[in-house]
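Chemist: Chains as they are written, first to last, in this note's numbering: chain L, 1 to 150; chain B, 1001 to 1150; chain E, 2001 to 2373; chain F, 3001 to 3320. Ideal placement from N, C-alpha and C gives every residue a C-beta, glycine not left out. From a predicted model like this one, the values you see are computed outputs, not experimental measurements.
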Amino acid sequence: MAIIKMINCAKNLIVGVWSLIKGLVVTLKYFFRPTVTLQYPTEKQPMNDRFRGLVGLHPEKCIVCYQCVKICPTACLAITNKQEDKKKTLETFKYNMELCCFCGFCQQVCPTGAITMTNIYEISVFDRKKFDINLLNVGKYDEWTHTLVK
Amino acid sequence: MRPDEVFAVIRAKFSEAKEETGTNGIIIPKESLLEVSRYLKNLPLAFDNLHCITAIDRKEKMELVYTLYSIREHHGVTLKTYLTLEDLNVASLSKVWKSANWLEREVYDLFGVVFLNHPDLRRILNPYDWKGFPLRKDYSHPELIAKPRL
Amino acid sequence: MDTTQTKDIYTEEFLINMGPQHPSTHGVLCLELKLDGEFVKECTPHIGYLHRSMEKIAENRTYTQFIPYTDRLDYVASMNNNLGYVMAVEKMLNLEVSQRAQYIRVIVAELNRIASHLIAVGTFAQDLGAFATPLFYCFREREKILDIFDQICGNRLTYNYMRIGGVQFDFPKGIDEKIKDFVKYMRPKVDDYDQLLTYNTIFLSRSKHIGVLPKELAISYSVTGPNLRASGVKWDLRKDEPYLVYDKFEFDIPVGKNGDSWDRYKIRIEEIRQSLRIVEQAIGALPEGDPTVKVGRIHKPSSSGIYFRTENPRGELGFYIVGDGSVCPYRLKIRSPSFSNLAVIPELVKGLKIADLVCVLGSFDILMGEIDR
Amino acid sequence: MLSILGFIWMLIVGLIVLGFIAGSAMFLIWMERKVSAHIQSRFGPMRVGWHGVLQSIADAVKLLLKEDIRPAGVDKLVWWLAPFVVVVPSVMVFVVIPFGKSLIVKDLNVGILYIMAVSSVGVIGIFMAGWGSNNKYSLLGGMRSAAQIISYEIPLVLSMIVVAMQASSLSMQKIVAAQSGHWYILHPNLTLAFVVYLISATAEVNRTPFDIPEAESELVSGFHTEYSGMKFAMFFIGEYTNVFIISAIATTLFWGGWNGPILPPVVWFLIKTYGIVFILMWARWTFPRVRVDQLMGFAWKALTPISLVNLAITGWLLLR
């Protein structure tokens, strides 16, 4: 009995050591493989067409149908309009980015393609007030785009 | 077993059970809930899995829904109980199915239904010193922010 | 408290708060531990630190508007949450979904299952002290899946891809080649994990026979998903109550023997293999058609209560929805798998060491986002 | 006159060694980050200097400038003293490490004994840190560390004694000189001793798979949770100095020290040492951590008997 026990013990030891060596082989294999990460701020992943970043607007296309405001789950869009002889025109288009959950509903529901989702995703600022964005302002995203690497 | 067969078996044992029209729900008066669930746990029905407990605030009454499944027999049933708002007490099922413990705590936390003989009836999702029961329809909180326009 | 007092030297149990800030509680879970030296005498979980009142929010949102919120339940398997929710609503509406949409749903759900299991495996290894290396390997592979999702739906974590009645976008050009490549790439990697971790003797001795969850206890606590299967119960909704087109694919349900931590880990590794099989079959049989639906459609279902559950990576995700014919649900209950899975942990860890507690917690793969909702 | 010259020489070598310790700890930290990064398919530090070689210096400056936070309720003296108690013994061990034929601070005739005595003082520092921090996790870490290091001391010492018997000297230089022909690693019994030594030394310096006093995922870094700024840096320097020391001792005792053809002795010594350091790092980034009872069981049930048997066999081989 004792001999069988000893043999089993030795067998376990050998199997155990062999399993450890196998693990070491795996890590050594990847040690010599090329790395897969990017050097982030200097190298960036290419964005694809469907990426959902900050909300952008083509004001000339907007027909003030309020669909985007109605579908927004977090109520981060707000529109006011002017009534000029039966034709509505856009007056203000406020976007509270703090509430935005980047779901893309507003872009998908827009009948004329006035709302787009931009590629901007590095959206940290030091001042909370900067999250209240006037989408009609042309230079609204300068805060985040001027540092972008082209 | 199909849902109507399950109902037939329950009906044969408990004459107070009623079938809800349109769904597979079985309405049980709250007094016999514990007895019925003890019966359901064992053969021939073998509902070994209490999957979900939830409450619905129907404004004038509180509806409790127990979703049961049987892993052994591959069938399911929905038990329903109605409580009046004045008397929100019901027997705890945590002795029958252990999963009832936390699920009942959750219902207590959000709706204020008191489960009698529950081993550990404390709030679970809200802070322990929270006032009120948030999922009731008459609940309001000063800090609730504006809903989106629907 | 049990105190043995001899004059002024005495010993007593030692109360320690593990969490809400702790590296291996997988989020903001607080475990109040009563320790006797290294041994756990009592464990009381405190949850709710991530409570965002999803169920109350749902009562104030339209059926479509709630889809992005489901992303935030189990945030490493958003596709599966989306799927469970939209299928529950479709069941209320008796909506037919086109074949192509169903296939696409299966493919993305299975890819997301792989991504989720990769995180489970990686963090479990991390909890056992295999510092960062398996985690990084898993994240490397997961990144490929996220790239695919990024192309399909435009986001890497909160996909918001499923729609009531279909999906938002059709597959872009060339994505099926990419998925096929991924399946080819992934298979040898799973073998690597086997070599690096699964049969490693230290890993085995740490996780074998630790936190054994017997069959009856698992069923009684309504533990679901891989954790239930590890306890030896052959129960998978994809086979037992097939939804979508799962009945058309060939795959096995891995079942564990002992129900210990190692089994729970091993089931996940095997499920990655099975999911790869499903993805491969589905991408080969992808039918033509238009899977997309318009997002602006208003749904006004009415029902006195409908319960629908799907097989999520962490277990069975159920939605109980009551509709009163208005645009918003009257009541929406989310039955999250991790909630029930966590409830069993205090019973399992009694008498184990702290290191084993971490091991058990890691092997259950809980996620606070869906526990606290 | 001669003794004054000898003393000055000792001082110069001592200063070189002291500079070397700081440099080597920083280099090792960089090396660990690079090795772990490449094992994990990442880059690691890349920005400060060529491939981030100066990263450790940047980190050291950052740690120096950091606020030194003292948590409430600490045992002031013990808490303050602990980092020094950890660092000083590991620096002291450098006295007897032979980098070259004459590049040794002082060739004590009780070299091995000195190493054994001094290096085990470090555990007191770790225990002090655990006790003084007034943190339950730290206390658990300190307790574990005391139990672990005391247990692993025994196989460590037993495997070093084998070398002392083979060389029939305790002096490090004499041991190296005895290996000028063939290195001790070529003897089967000494190979076994080397394996035992390496395992127990890994446990001795609390590195994965034996890092239970730190145990990031269980005890949240254990004994040094509450330290910040330069005190934390001291623990770090202590840890990496220890890594260098155990590799250097392994080189000296088993791999022929600075012996080697063509290249100068110092280079040989460093090549061998960093080779062993690489093995330690490789293992650290591959294996999971063992549990505390398995760790103790392994020391008492496996390593100690093996090294005792090895000791007996060596004795028999020598007296034969």
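Helix, strand or coil: which one does DSSP assign to R52/L?
Modeler: For this step, residue 52/L is matched to residue 52 along the first sequence. Looking at R52/L - three-state DSSP - the assignment turns out to be coil, as it is neither helix nor strand.
Chemist: Could you tell me whether the stretch 62–77 of chain L touches the stretch 37–50 of chain L, where touching means 3 or more Cβ pairs closer than 8 Å?
Modeler: With a cut-off of 8 Å, the stretch 37–50 of chain L and the stretch 62–77 of chain L do not count as touching, because too few Cβ pairs lie within range.
Chemist: Whole angstroms are fine: how far does the CA of A2230/E sit from the CA of F2364/E?
Modeler: Counting from 1 along the third sequence, the entry for residue 2364/E is found at position 364. Counting from 1 along the third sequence, the entry for residue 2230/E is found at position 230. The straight-line gap from Cα to Cα measures roughly 10 Å.
Chemist: Mapping DSSP to helix, strand and coil, what is R1122/B?
Modeler: The residue given as residue 1122/B occupies position 122 in the second sequence. Here R1122/B sits in coil by DSSP.
Chemist: For chain E, find out if any of its Cβ atoms is closer than 8 Å to the Cβ of G104/L; answer yes or no.
Modeler: On the first sequence, position 104 is the one that residue 104/L refers to. Chain E contact via Cβ: present.
Chemist: Compare the Cα-Cα distances from R3107/F to each of M3143/F, M3172/F and G3141/F and report the closest residue.
Modeler: Here residue 3107/F refers to the residue found at position 107 when the fourth sequence is read from its first residue. Sequence inspection shows Asp at residue 3107/F; the Arg mentioned does not correspond to that position. Minimum Cα distance to D3107/F is reached at M3172/F.
Chemist: What first and last residue would you give for the beta strand (DSSP E) that runs through K1080/B?
Modeler: On the second sequence, residue 1080/B is found 80 positions in, with the first residue counted as 1. H1075 to T1084 is the span of the beta strand (DSSP E), which, as asked, contains K1080/B.
Chemist: At which residues does the alpha helix (DSSP H) containing E3067/F begin and terminate?
Modeler: Walking along the fourth sequence from the start, residue 3067/F turns up at place 67. First-last for E3067/F: undefined, no H or E at that position.
Chemist: Alpha carbons only, please: which of E3153/F, G3019/F and V3085/F is nearest the one belonging to W3300/F?
Modeler: Here residue 3300/F corresponds to residue number 300 of the fourth sequence, with the count starting at 1. Minimum Cα distance to W3300/F is reached at E3153/F.
Chemist: Please state the DSSP three-state secondary structure of P2329/E.
Modeler: Within the third sequence, numbered from 1, the residue matching residue 2329/E stands at position 329. Here P2329/E sits in strand by DSSP.
Chemist: Is the beta carbon of C2043/E closer than 8 Å to that of R2206/E?
Modeler: As a first step, residue 2206/E must be located in the third sequence, where it is residue number 206. As a first step, residue 2043/E must be located in the third sequence, where it is residue number 43. No. Outside cutoff.
Chemist: Which of the residues in the stretch 3039–3069 of chain F, read from start to end, lie with their CB under 7 Å from any CB of chain L?
Modeler: From the stretch 3039–3069 of chain F, only I3039, S3041, R3042, F3043 and M3046 have a Cβ closer than 7 Å to chain L.
Chemist: Could you check what DSSP says for A2285/E in three-state terms: helix, strand or coil?
Modeler: To locate residue 2285/E, count along the third sequence from 1; it is residue 285. In this structure, A2285/E counts as coil in the three-state DSSP scheme.
Chemist: Do L3190/F and Q3166/F have their CB atoms nearer than 8 Å?
Modeler: On the fourth sequence, residue 3190/F is found 190 positions in, with the first residue counted as 1. On the fourth sequence, residue 3166/F is found 166 positions in, with the first residue counted as 1. Taking 8 Å as the Cβ cut-off, L3190/F and Q3166/F qualify as a contacting pair.
Chemist: By the DSSP assignment, the beta strand (DSSP E) with N137/L in it spans what residues?
Modeler: Indexing the first sequence from 1 puts residue 137/L at position 137. Where N137/L is concerned, there is no enclosing beta strand (DSSP E), given that its DSSP letter is neither H nor E.
Chemist: Give me the subset of the stretch 2215–2231 of chain E whose CB atoms are less than 9 Å from a CB atom of chain B, sorted by chain position.
Modeler: So the list reads E2216, L2217, I2219, S2220, Y2221, S2222, V2223, T2224 and L2228, given in the order they occur along the chain.
Chemist: Helix, strand or coil: how does DSSP classify P2045/E here?
Modeler: Numbered from 1 along the third sequence, position 45 holds the residue referred to as residue 2045/E. Of the three classes helix, strand and coil, the one that applies to P2045/E here is strand, per DSSP.
Chemist: For I2267/E, which residues in chain F fall below 9 Å Cβ to Cβ?
Modeler: For the purposes of this step, residue 2267/E is taken as residue 267 along the third sequence, with counting starting at 1. In chain order: nothing, as chain F lies at least about 19 Å away.
Chemist: Closer than 8 Å, CB to CB, is V2327/E near chain L or not?
Modeler: As a first step, residue 2327/E is located in the third sequence; it is residue number 327 there, counting from the start. Closer than 8 Å: no.
Chemist: Could you compute how far the alpha carbon of G16/L sits from the alpha carbon of V26/L?
Modeler: Indexing the first sequence from 1 puts residue 16/L at position 16. Indexing the first sequence from 1 puts residue 26/L at position 26. Roughly 16 Å separates the two Cα atoms.
Chemist: Would you kindly check if the distance between the Cβ of S2222/E and the Cβ of H1051/B is under 8 Å?
Modeler: By 1-based counting over the second sequence, the position of residue 1051/B is 51. By 1-based counting over the third sequence, the position of residue 2222/E is 222. Yes, Cβ-Cβ distance for H1051/B and S2222/E is below 8 Å.
Chemist: Report the start-end ranges of each alpha helix (DSSP H) in the stretch 3071–3148 of chain F that is 4 residues or longer and not cut off at the edges.
Modeler: Qualifying alpha helix (DSSP H) stretches, in chain order: 3076–3093, 3111–3119 and 3122–3132.
Chemist: At a Cβ threshold of 8 Å, is P2134/E touching chain B?
Modeler: Here residue 2134/E refers to the residue found at position 134 when the third sequence is read from its first residue. No, no contact with chain B.
Chemist: Figure out for me which residue from Q108/L, C103/L, N96/L and T145/L has the closest Cα to the Cα of K129/L.
Modeler: Your numbering for residue 129/L matches position 129 in the first sequence. Comparing Cα-Cα distances from K129/L to each of Q108/L, C103/L, N96/L and T145/L, the minimum goes to N96/L.
Chemist: Using the beta-carbon count (16 or more within 10 Å), is H3038/F buried or exposed?
Modeler: As a first step, residue 3038/F is located in the fourth sequence; it is residue number 38 there, counting from the start. When all chains shown are included, H3038/F counts as buried.
Chemist: When the Cβ atoms of the stretch 2197–2206 of chain E are set against those of the stretch 2291–2302 of chain E, are three or more pairs found closer than 8 Å?
Modeler: No, the stretch 2197–2206 of chain E is not in contact with the stretch 2291–2302 of chain E.
Chemist: Where does E84/L sit, in a helix, a strand or coil, going by DSSP?
Modeler: For this step, residue 84/L is matched to residue 84 along the first sequence. It is a strand residue.
Chemist: Throw me the rounded Cβ distance for the E1104/B and F1115/B pair, which I believe falls under 8 Å.
Modeler: In the second sequence, counting from the first residue as 1, residue 1104/B sits at position 104. In the second sequence, counting from the first residue as 1, residue 1115/B sits at position 115. Rounded, the Cβ-Cβ distance is 5 Å, consistent with contact.
Chemist: Where do the ends of the beta strand (DSSP E) carrying G3260/F lie?
Modeler: Here residue 3260/F refers to the residue found at position 260 of the fourth sequence. Premise fails: G3260/F is in no beta strand (DSSP E) and is neither H nor E.
Chemist: What does the alpha-carbon distance come out to for the pair F3370/F and F3236/F?
Modeler: The requested residue 3370/F does not occur in the structure, where chain F is confined to residues 3001 to 3320.
Chemist: Among R2140/E, K2234/E and Y2159/E, whose alpha-carbon lies nearest the alpha-carbon of K2189/E?
Modeler: For the purposes of this step, residue 2189/E is identified with residue 189 of the third sequence, where counting begins at 1. Of R2140/E, K2234/E and Y2159/E, the residue nearest in Cα terms is R2140/E.
Chemist: Output the residue ranges of the alpha helix (DSSP H) runs that lie fully inside the stretch 2006–2062 of chain E and measure 4 residues or longer, sorted by chain position.
Modeler: With a minimum length of 4 residues, the continuous alpha helix (DSSP H) runs that stay inside the stretch 2006–2062 of chain E are 2054–2058.
Chemist: Would you identify the three-state DSSP class for E3032/F, choosing helix, strand or coil?
Modeler: Against the fourth sequence, residue 3032/F aligns to sequence position 32. Three-state DSSP puts E3032/F in a helix.
Chemist: Check each candidate in T80/L, T74/L, Y121/L and P73/L and name the one with the smallest Cα separation from C65/L.
Modeler: In the first sequence, residue 65/L corresponds to position 65, counting from 1. Comparing Cα-Cα distances from C65/L to each of T80/L, T74/L, Y121/L and P73/L, the minimum goes to T80/L.
Chemist: Can you give me the C-alpha to C-alpha distance between A2132/E and V1077/B, rounded to a whole angstrom?
Modeler: The residue you call residue 2132/E lines up with position 132 of the third sequence. The residue you call residue 1077/B lines up with position 77 of the second sequence. Approximately 45 Å between the Cα atoms of the pair.
Chemist: If you draw a straight line from the alpha carbon of R2277/E to that of L2286/E, how long is it in whole angstroms?
Modeler: Along the third sequence, read from residue 1 onward, the residue named residue 2277/E stands at position 277. Along the third sequence, read from residue 1 onward, the residue named residue 2286/E stands at position 286. If I take the Cα positions, the gap works out to 14 Å.
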